[in-house]
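K.L.:
Let me begin by handing over the structure; questions about it come next.
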Amino acid sequence: MRRILPCLLLPAALLLAMSARAEDGKKLKVIASIPDFADMAREIGGEFVEVESLAKGIEDLHAVPVRPSFAAKLAGADVLIEMGLGNEHAWLPALVEASQNPRLKPGGKGNIVATEGLTPLEVPADLSRREGELHAEGNPHMNLDPAAGKAMARNIAEGLIANAPGHKQVFEANLAKYLAAIAAKEKEWQAAAEKLKGVKFVSYHNHWAYWARYFGMEYAGTLENKPGIPPSGSHLAQLMEAMKRDSVKLVVREPQFSEKLPRDVAEKTGGTVVKLAVMVGGLPEAKTWIGLIDANLKALLEAAARK
């Protein structure tokens, strides 16, 4: 990424666009690292924001394909919403640097960290490379935590208000409406969780720690050896032996990864493959953040009923 920075640096003419800010009555230009936060920003910002996500729902959150246009979009943005917790460390910081937009740098007025103030799971004690590509600040996949939704929305609203204080009342009203919608959905999700409590599953990558905690499911392991390390034959053999022993019947397939391996593992262990989205857009039904939770929950309930 550092080698391509020189070709991403922007001419001064493009940087002039940064001077036209929402304080002058124009819409806030919001860039989100993932579509989940783009959806939340639209819900809260309404007609006073223009929002775009850099990542697409079927891409790997940790390895989003970088396009030269990304730096230009960031250069003209008022706000950047990111997950934090090192989720975008492999691609986003270099893009922010290339954009030459000081507002978006960590601590800048336009930098919103959606997980600010939340307590992450799985903060590693050992950061050696033999443990894989660990996240020093903990598991970053909080967008899949239904319990964190309201806190993330509040953080986004606070950041939008800081960058467009003239629309504070509108943003606060939209936030209240959105929080009420999440609260109503939580009642549905919690009721459905009764059918998933104790259900065991494996996935390719460790996306699902927060999801498992919320729904009372048992996370039985990952197909990859360790974070970022491809599966080895010996690891898969041990995992499948444990799955048979412990009656683990669900194999989660994330759209970012090949279907073949999860299907092979399921066939050899008598399990069922269930396709889940790790962010908005990962499934056709997952068009919003609330829709993401709904779609994944529906898919899991259907798969659990078949196991």
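So the mapping is simple: my numbering equals the position in the sequence shown, first residue as 1, plus 174.
Positions of the beta carbon are idealized from the N, C-alpha and C atoms, including for glycine.
Keep in mind it's a predicted model, so treat the numbers as computed, not measured.
Select from E311, M414 and F345 the residue whose C-alpha is nearest the C-alpha of E221.
P.N.:
F345
K.L.:
What runs of the beta strand (DSSP E), each 3 residues or longer, lie entirely inside the region 253 to 322?
P.N.:
253 to 256 and 285 to 287
K.L.:
Nearest-angstrom Cα distance between G231 and P458?
P.N.:
10 angstroms
K.L.:
So does the region 463 to 472 actually touch the region 351 to 370, counting three or more Cβ pairs closer than 8 angstroms?
P.N.:
yes
K.L.:
Sorted by chain position, which residues of the same chain lie with C-beta nearer than 7 angstroms to L190's C-beta, five sequence neighbours on each side aside?
P.N.:
Any reading at L190 needs caution, since the residue's pLDDT is 39, under 50, leaving its predicted position unreliable; the model's value is listed next. Here the set comprises nothing.
K.L.:
Mind checking which residues open and close the alpha helix (DSSP H) that includes G407?
P.N.:
G407 to D420
K.L.:
Once you ignore the five residues that flank G312 on each side, which residues in its own chain have a CB closer than 7 angstroms to its CB?
P.N.:
L259, P294, L295, E296 and V297
K.L.:
So, at 7 angstroms on beta carbons, what are the nonlocal neighbours of M192 in its own chain, with the 5 sequence-adjacent residues on each side left out?
P.N.:
In this predicted model, M192 has a pLDDT of only 44, less than 50, meaning its place in the structure is not dependable enough to derive any value.
K.L.:
State the start and end residues of the unbroken beta strand (DSSP E) segment that holds E368.
P.N.:
First-last for E368: undefined, no H or E at that position.
K.L.:
Would you call D420 buried or exposed, if buried means 16 or more other Cβ atoms sit within 10 Å of its Cβ?
P.N.:
exposed
K.L.:
Got a sec? Which residues, its chain only, sit under 6 angstroms from N348 by beta carbon, not counting five neighbours each side?
P.N.:
I218 and G220
K.L.:
Output yes or no for whether 9 angstroms exceeds the beta carbon distance between Y393 and D319.
P.N.:
no
K.L.:
By Cβ distance, which residues of its chain are closer than 6 angstroms to D213, with the 5 residues on each side in sequence left out?
P.N.:
V454, T462 and W463
K.L.:
What's the C-alpha gap between S377 and F211?
P.N.:
24 angstroms
K.L.:
In this structure, how does DSSP classify F431 when only helix, strand and coil are distinguished?
P.N.:
coil
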